[in-house]
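To start, the structure under review is shown below, and the notes come after it.
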Amino acid sequence: RAPNALLGGDSWHDCLPLPPLRPGYRASTLEFRAERLDGRFGN
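Going by the numbering used here, the sequence shown opens with residue 258, and the numbers climb by one from there.
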């Protein structure tokens, strides 16, 4: 089993720090989303 591997039925949640903001932007007014996610599932 690889480090941090998930077993069937498990879930994974991770919170990453906010990226640096440009002047004039506030974190509370922005929307963040993940794109081009890649993952592998094995037996």
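Think of the CB as a built atom: it goes at the ideal place given N, C-alpha and C, for glycine as much as any other residue. The structure displayed is predicted, hence computed values, not measured ones.
Rounded to the nearest angstrom, the gap between the Cα atoms of Asp271 and Pro277 is 19 Å. Assignment of Ala284 by DSSP, reduced to helix, strand and coil, places it in the helix class. The beta carbons of Trp269 and Leu275 sit no closer together than 8 Å.
Arg290 and Gly266 have their C-alpha atoms roughly 24 Å apart.
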